[in-house]
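Engineer:
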Amino acid sequence: MIHFLCFSLGAYTLGYYWIPYTISEFGNIDSPFNQMLGILFSLIIVPHFLILILVSNFLQKIITHQRLSIIAYPLIALIITLIEHFTPTQFPTYLAHPFGHLAPYISLAPIFGTIIFSFISFWLILTLTLKPVSRKNRVISVGAFSLFIICNYQNPLTPLAFPKEPTKQLSIRMVQANVGNFLKLSSKEGDFNSISEVITRYQNMSMDQTIIPDLIIWPETAYPKTLFSKYLQENKTSIPELFKEIIDHQKADLFIGGYDYDKLDDTSTFETEYNAAFLFKHSDQDLPRFDKVYHKIILLAFGETLPFGVFNTYLGRYVTNISYFKKGNQHTLFETKKNSFFISSICYEILQPQFTRKYLNAVEHEPHFIINLTNDSWYGISSEPYQHLFLAKWRAFEFKIPIIRMTNTGLSSILYPDGSESKRSKLGSVENLDQTFAFTDRVPTIYQRYGYLPFFIFWLLIAAITALINYRKEKPSQSKS
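Under the numbering used here, residue 516 is the last one in the sequence shown; the count climbs by one each step, no gaps.
#1: I need the DSSP call for Leu314, collapsed to helix, strand or coil.
#2: What do you get for Pro520, buried or exposed, if any count of 16 or more other CB atoms within 10 angstroms of its CB means buried?
#3: Using a Cβ-Cβ cutoff of less than 7 Å, which residues in the same chain neighbour Tyr451 once the five nearest sequence positions on both sides are dropped?
#4: Is Ser380 near Ile357, with beta carbons less than 8 Å apart?
#5: Is the beta carbon of Ile385 closer than 8 Å to that of Ala523?
#6: When the distance is taken between beta carbons, is Arg208 closer than 8 Å to Asn374?
#7: Using alpha carbons as the reference points, say which of Gln387, Tyr349, Ala196 lies closest to Phe474.
#8: Could you compute how far the alpha carbon of Tyr359 sits from the alpha carbon of Ile234?
#9: Quick one: grab the DSSP three-state call for Thr96.
#10: Which value, in whole angstroms, describes the spacing of the CA atoms of Leu72 and Phe147?
#11: Does Gln204 pass the burial test, meaning 16 or more other C-beta atoms within 10 Å, or should it be called exposed?
#12: Looking at the C-beta of Asp295, does it have a partner C-beta in chain C at a distance below 8 Å?
#13: Pick helix, strand or coil for Glu60, following the three-state DSSP scheme.
#14: If you follow the beta strand (DSSP E) that Ala473 is in, where does it begin and where does it stop?
#15: Examine the Cβ distances between the stretch 152 to 169 and the stretch 443 to 450 and report whether three or more of them are shorter than 8 Å.
#16: Three or more beta-carbon pairs under 8 Å between the stretch 407 to 418 and the stretch 48 to 58, yes or no?
#17: In three-state terms, what does DSSP make of Phe197?
#18: Can you have a look at Arg392 and say buried or exposed, based on whether 16 or more other CB atoms are within 10 angstroms of its CB?
#19: Do the stretch 295 to 308 and the stretch 260 to 276 make contact, defined as three or more Cβ pairs closer than 8 Å?
#20: Can the beta-carbon of Asp453 be found closer than 8 Å to that of Glu200?
#21: Do Leu334 and Val354 come within 8 Å of each other at the CB atom, strictly closer than that value?
#22: Give the straight-line distance between the Cα atoms of Pro145 and Ala397, rounded to the nearest whole angstrom.
#23: Measuring alpha carbon to alpha carbon, tell me which of Tyr349, Glu308, Asn364, Arg324 ends up nearest Thr371.
#24: Among the candidates Lys458, Glu433, Thr444, whose CA atom is the shortest distance from the CA of Tyr485?
#25: Mark Gly363 as exposed unless 16 or more other C-beta atoms lie within 10 angstroms of its C-beta, in which case mark it buried.
#26: Assign Glu517 to buried or exposed, taking buried as 16 or more other Cβ atoms, counted over all protein chains shown, within 10 Å of its Cβ.
#27: Is Leu110 closer than 8 Å to Glu119 when the C-beta atoms are compared?
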């Protein structure tokens, strides 16, 4: 337990030091209480390690178990990996993630996902650090790890899903308005001057004629006024004049983050709105119109909801400094005027591999790219935007799909499937990121089609080889006795 506490405190101090700032911004809790809460949060940053402590005695028994001992180390590594990947967490960080620095030489990512990278690392660590471990078991794990690295180098990832296929192009404008938290909250609460300042900033930046874009993108919850998509579905051209002006002026589609009413209800603020992404489309033959909306599905605990299920309705009467968004339930496929398809994720949704896989498999057409709308202003000038961006790259690796990362305060960029990036915006800057975005048609990766099944087949093969080698080692000694 002491080791766990030291590790968690170290991870908090060096990697998640931005948590107190976020607590202060979100909950209006000042120092030293935000620092104290930050230390408490360090206990749940890596919750799977706490679970490992609870099952550590069981894992130790595997090593001495008569039948399981011959596959003890790959089996323990498997259990640890499954605990790591299936323990719920909002900001999932895996032992696999540092392998992202080797991109494009991680060619097994589209086949197995992150799970195989974690497993092979845990297996190696166990055999090199635990005592006593036979020399043969160390040789097996080191050999497997070396072969694993070689396999990843054999077929490097590429920036395009199919490099030999004809490329499609989209001219995009990413509007990073850098709206601060005070201005954002006051505009959401209806302050006229704040609303006017936010809208004017987005309007001027969107209508700048440096390029002629096909698609203009605003970040998460950029538009401060709440829309009502159910009404817009019935009256598609009855969109705000601001959007009409921008779309007509630039002859571009407009994709924005905003708020969407579930129903018009003045008597309650509990789960009456969605955190949403809207697509408004340009047409040469018709007026600008509303097209589709996506409602955020994975809500941020203690910021957008509470993690207490049916008790949230009761607790919401007393815990008032939370948005209490309604959870979305639809996987929306968007299509631009140039017939390119994309899906959207909002904020930390992009960090969840199984969520992204489910979304990709739920839509009727393979999307060409993902647009991830986010607002990292709550974390200040810290390491969080860099961590968020780096972890998001793994979805590009796993699914061989480009990701347009659109943020309010930075870092905005396009993440390609080989680990490369477009030009990256600066943190805390007001700027348009204008890009000519190239991509190709794509098909599902093996990981997208089959999930963890290939990994479990791989593990069975590893377990069989390990068992065979260890069995041959033990058999002569048994016959002598």
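Quick reminder that beta carbons are idealized off the backbone N, C-alpha and C, glycines included.
Structural biologist: According to the structure data:
#1: Note: Leu314 maps to strand in three-state DSSP.
#2: Absent from the model: residue 520. The displayed extent of the chain is 36 to 516, so no value can be given.
#3: Closer than 7 Å at Cβ, skipping near neighbours: Pro194, Ala431, Pro437.
#4: Not a contact, by the Cβ cut-off of 8 Å.
#5: Outside the shown range of the chain, which is 36 to 516, sits residue 523, and nothing can be said about it.
#6: Their beta carbons are not under 8 Å apart, which means Asn374 does not touch Arg208 by this criterion.
#7: Comparing Cα-Cα distances from Phe474 to each of Gln387, Tyr349, Ala196, the minimum goes to Ala196.
#8: The straight-line gap from Cα to Cα measures roughly 24 Å.
#9: Contrary to the premise, residue 96 reads as Lys rather than Thr in this sequence. DSSP places Lys96 in helix when its eight states are reduced to three.
#10: Distance from the CA atom of Leu72 to the CA atom of Phe147, rounded to whole angstroms, is 37 Å.
#11: So Gln204 ends up on the exposed side.
#12: The chain labelled as chain C is not found in the depicted structure, where only one protein chain is given.
#13: Glu60 carries a helical assignment under DSSP once its states are collapsed to helix, strand and coil.
#14: Unbroken beta strand (DSSP E) run through Ala473: 466 to 474.
#15: By the criterion of at least three beta-carbon pairs nearer than 8 Å, the stretch 152 to 169 is not in contact with the stretch 443 to 450.
#16: Touching, yes, given that three or more Cβ pairs across the two stretches are closer than 8 Å.
#17: Reduced to three states, the DSSP call for Phe197 is coil.
#18: That one is buried.
#19: Remark: three or more beta-carbon pairs, one from each stretch, lie closer than 8 Å, so the stretch 295 to 308 and the stretch 260 to 276 are flagged as touching.
#20: Cβ distance not < 8 Å, so Asp453 and Glu200 don't count as in contact.
#21: Leu334 is positioned such that its CB atom lies no closer than 8 Å to that of Val354.
#22: Going from the Cα of Pro145 to the Cα of Ala397 covers about 18 Å.
#23: When only C-alpha atoms are compared, the closest one is Arg324.
#24: Ranking the options by Cα distance to Tyr485, first place goes to Glu433.
#25: Burial state of Gly363 is buried, judged by a 10 Å Cβ sphere holding 16 or more other Cβ atoms.
#26: Not covered by the structure: residue 517. The range shown for the chain is 36 to 516.
#27: No, the Cβ-Cβ distance between Glu119 and Leu110 is not below 8 Å.
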